[in-house]
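Residue numbers (the numbering used here), protein chains in the order written: chain A, 1 to 241; chain B, 242 to 459.
Quick reminder that beta carbons are idealized off the backbone N, C-alpha and C, glycines included.
Predicted model only: the values in this text are computed from it and were never measured.
Working notes for the structure below.
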Amino acid sequence: MTAMSTRAILLVRMPDAGRFPCPRGSDTAKVMMIRVKDLACARGPAQILAGVTFEVASGAALILRGPNGAGKTTLLRTLAGLTPPLAGQIECAEDAIAYAGHADGLKAQLSVAENLGFWAGVFGTRDIAAAVDAFDLTPLLDRRAGEMSAGQKRRLSLARLLVTQRPIWCLDEPTVSLDTQNVARFAAAVTAHLAGGGAAIIATHIDLGLPEAVTFDVTPFVAKGIRADDPFGDGFDEALT
Amino acid sequence: MIGLLRRDLALAIRAGGGFGLSLAFFLIFTTLVPFGIGPDTTVLSDIAPGILWLGALLACLLSLDRIFQLDWEDGTLDLIATSPVPLEGLASMKALAHWITTGLPLVAAAPALGLLLNLPGPAYPWLIASLALGTPALSAIGTFGAALTVGIKRGGLLLSLLVLPLYIPTLLFGALCVSRAATGQDATTPLVMLAGITAGVLAGLPFAAAAALRVNLR
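If you want it as structure tokens, here you go:
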């Protein structure tokens, strides 16, 4: 129909790789969780990235770096399946990715327990206790999300990741509005997730001190002809932080 | 998916959820008609079926833009789209929640308002039946319209323009059913047509709504 049809789009779903939870322990062989090859991503009508290639094994974290508007958000949205890729391959297990974007995705009228309980229902999991503990939300359980501070909302939003029980976390600027203590709490949660056989792809500008974190700069993959300050990039939201 | 429905109902009942707004609009709209038309009971009973159906339709329209817009604004829609719940299921649950919070109260309130408009006695069962069978179609069509306009700032007017023409068949057969019953004629045929429209809409539009959501989430 259009130029779209000439582009090869191949999404390979591997049924067995990355099943969660993976066996704990350092002696287990590294399982490849997600493999991305020659991926081209677009945001709206504009192509943002081209030729992105990387792979993340279980227990590893990929830290996305790049200037504002380079395409970190676009890459994460493509990996999460919100935006179809223009070309290239994403190999990962079906329903393996838990995505967290700039917005918290909370309902102001519902309490902390109700918000987490809702996501537990959506993802077919039951237990919210581990998520509550990891982000110290116990004193806030009955508080409505609308009556919480930005940092508290962020903690609740991040606690949702534990509730999903999915092996691959795709996080977009997860530490926004968190204080030092809660950044440490978040880093501990990610470390525990990786130790349990999970993987994480995180766009962030701060050093989380994660073991086995690999930095991946998206700048070389910015599609030619696209300005780095493209309005469809993630520059706007980052400028607010 | 039941969790989605329960959450939507809880949000509708809590402060700021807008539950009852449509019902209040329906009450006021129908009460205003005698003031505009005059207290002539024969004229009122002639136009009552049309007015009641039109009021229900406009009241439904009032709350459509909230269906996906709030979830889109706070990022919940992105998160649900990456969850195991299919968007078709989300659209069905949203339509069902809209019907429970909007359509069902309208069905319950319509007989009382029929009394106000001097609707003839034999028409009441048909009024209830036609609204009960017709309002689910209004919610399903509205959900499709809301999915098309999600992400557009103040898309409510555009939504009305898209949805109102699609409401015509339901309005036509719904009002015809009640007015035939009011004049002592057989109202079965328009009621069956109405049920047919609703069945077709319920079967097809959740898929269309999900496709529209996928495009708008890109």
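Report the rounded CA-to-CA distance for residue 60 of chain A versus residue 300 of chain B, giving the unit in angstroms. Here the alpha carbons of residue 300 of chain B and residue 60 of chain A stand approximately 54 Å from one another.
Does residue 244 of chain B come within less than 8 Å of chain A when only Cβ atoms are used? With 8 Å as the cut-off, residue 244 of chain B counts as an interface residue toward chain A.
8 Å Cβ cutoff, residue 326 of chain B in contact with chain A: Residue 326 of chain B counts as touching chain A.
Close Cβ partners of residue 115 of chain A (< 7 Å) along its chain, the five nearest in sequence each way excluded: When the five nearest sequence neighbours on each side are left out, the beta carbons in the same chain lying within less than 7 Å of the beta carbon of residue 115 of chain A are those of 106, 107, 145, 156, in order along the chain.
Residue 320 of chain B versus residue 99 of chain A - alpha carbon distance: The C-alpha of residue 320 of chain B lies about 7 Å from the C-alpha of residue 99 of chain A.
Would you mind telling me which residues of chain B sit closer than 7 Å to residue 95 of chain A, beta carbon to beta carbon, in chain order? Those are 325, listed as they occur along chain B.
Under the three-state DSSP convention, the category residue 49 of chain A falls into: In the structure shown, residue 49 of chain A sits in a strand (DSSP, three-state: E or B).
Taking just the CA atoms, how far does residue 457 of chain B sit from residue 322 of chain B? Across the structure, residue 322 of chain B and residue 457 of chain B are spaced so that their CA atoms are roughly 11 Å apart.
Alpha carbon to alpha carbon, how far is residue 399 of chain B from residue 21 of chain A? Give it in angstroms, no decimals. Residue confidence for residue 21 of chain A is low, a pLDDT of 46 falling below 50, so the modelled location carries little weight; the figure read from the coordinates is stated next. So the two alpha carbons sit approximately 47 Å from each other.
Report the residue from B:444, B:340, B:310, B:352 whose alpha carbon sits nearest the alpha carbon of residue 387 of chain B. With distances taken between Cα atoms, residue 387 of chain B lies closest to B:310.
Chain B contacts made by the segment 162-176 of chain A, where a contact means CB separation under 7 Å: Taking a C-beta cut-off of 7 Å against chain B, none of the residues of the segment 162-176 of chain A qualify.
For a cutoff of 8 Å on Cβ pairs, would you count residue 237 of chain A as touching chain B? Summary for residue 237 of chain A: the model assigns pLDDT 44, below 50, so the residue's position carries little reliability; its value from the coordinates is reported in the next sentence. It does not: the Cβ of residue 237 of chain A has no partner Cβ on chain B nearer than 8 Å.
Residues in the segment 435-453 of chain B with C-beta within 9 Å of chain A's C-beta atoms, listed in sequence order? Those would be none; no residue qualifies.
Taking the Cβ atom as the reference point for each residue, do residue 168 of chain A and residue 33 of chain A lie within a distance shorter than 8 Å? Their beta carbons are under 8 Å apart, which means residue 168 of chain A touches residue 33 of chain A by this criterion.
Just the Cα atoms here: how many angstroms apart are residue 402 of chain B and residue 390 of chain B? Rounded to the nearest angstrom, the two C-alpha atoms are 11 Å apart.
Length of the line joining the Cα atoms of residue 28 of chain A and residue 52 of chain A: Model confidence at residue 28 of chain A stands at a pLDDT of 49, short of 50, so the residue's coordinates are unreliable; what they give is reported in the following sentence. When the Cα atoms are used, residue 28 of chain A and residue 52 of chain A turn out to be separated by approximately 28 Å.
Answer yes or no: does any C-beta atom of chain A fall closer than 8 Å to that of residue 459 of chain B? Yes, because at least one Cβ of chain A sits closer than 8 Å to the Cβ of residue 459 of chain B.
For residue 72 of chain A, count neighbouring C-beta atoms within 10 Å of its own C-beta (all shown protein chains included) and say buried if the count is 16 or more, exposed if not. Residue 72 of chain A counts as buried, since no fewer than 16 other beta carbons sit within 10 angstroms of its beta carbon.
Would you report the Cα separation of residue 195 of chain A and residue 251 of chain B, rounded to the nearest angstrom? Each residue's Cα considered, the two are about 38 Å apart.
If you count every other CB in all the chains shown that lies within 10 Å of the CB of residue 218 of chain A, and 16 or more means buried, which is it? Residue 218 of chain A should be labelled buried.
Since residue 110 of chain A sits in a beta bridge, which residues does DSSP pair it with? Under DSSP, residue 110 of chain A takes part in no beta bridge, so it has no partner.
Cα-Cα separation, residue 372 of chain B to residue 347 of chain B: Distance between the alpha carbons of residue 372 of chain B and residue 347 of chain B is about 8 Å.
Check whether the Cβ of residue 52 of chain A lies closer than 8 Å to any Cβ atom in chain B. No, no contact with chain B.
Using a beta-carbon distance cut-off of less than 8 Å, what residues from the segment 386-420 of chain B approach chain A? So the list is empty, because no residue satisfies the distance condition.
Just list the beta strand (DSSP E) runs in the segment 300-342 of chain B, keeping only unbroken ones of 3 residues or longer that don't cross its boundaries, in chain order. For the segment 300-342 of chain B, not a single whole beta strand (DSSP E) run of length 3 or above is found.
Anything in chain A within Cβ reach of residue 382 of chain B, meaning under 7 Å, just list it in chain order. Below the 7 Å Cβ cutoff, chain A contributes no neighbours of residue 382 of chain B, its closest Cβ being approximately 26 Å away.
Quick one: Cα of residue 151 of chain A to Cα of residue 249 of chain B, how far? Going from the Cα of residue 151 of chain A to the Cα of residue 249 of chain B covers about 25 Å.
What's the C-alpha gap between residue 178 of chain A and residue 154 of chain A? As the crow flies, the alpha-carbon of residue 178 of chain A is around 7 Å from that of residue 154 of chain A.
Closer than 9 Å at the beta carbon, the chain B residues around residue 216 of chain A: The premise fails here: residue 216 of chain A is roughly 21 Å from chain B at the closest Cβ pair, so nothing lies under 9 Å.
With C-beta atoms as the reference, is residue 302 of chain B less than 8 Å away from residue 454 of chain B? By the CB criterion at 8 Å, residue 302 of chain B and residue 454 of chain B fall outside the cutoff.
Cβ of residue 294 of chain B within 8 Å of Cβ of residue 412 of chain B? In this structure, the beta-carbon distance from residue 294 of chain B to residue 412 of chain B falls below 8 Å.
At what residues does the alpha helix (DSSP H) containing residue 66 of chain A begin and finish? Counting along the chain, residue 66 of chain A falls outside any alpha helix (DSSP H), and DSSP gives it neither H nor E.
Please tell me whether residue 83 of chain A has its Cβ less than 8 Å away from any Cβ of chain B. Closer than 8 Å to some Cβ of chain B, the Cβ of residue 83 of chain A qualifies, so yes.
Below 8 Å on the Cβ atoms is my guess for residue 425 of chain B versus residue 363 of chain B; work out the distance and round it to an integer in Å. Going by Cβ atoms, the distance from residue 425 of chain B to residue 363 of chain B rounds to 7 Å, so yes, they are a contact pair.
Residues near residue 56 of chain A by beta carbon distance below 6 Å, same chain, minus five either side: Excluding its 5 nearest sequence neighbours in each direction, residue 56 of chain A has C-beta neighbours in its own chain below 6 Å: 33, 34, 62, 199, listed in chain order.
Could you check if residue 394 of chain B is buried or exposed, using at least 16 other CB atoms within 10 Å of its CB as the buried criterion? Answer is exposed; the Cβ neighbour count stays below 16.
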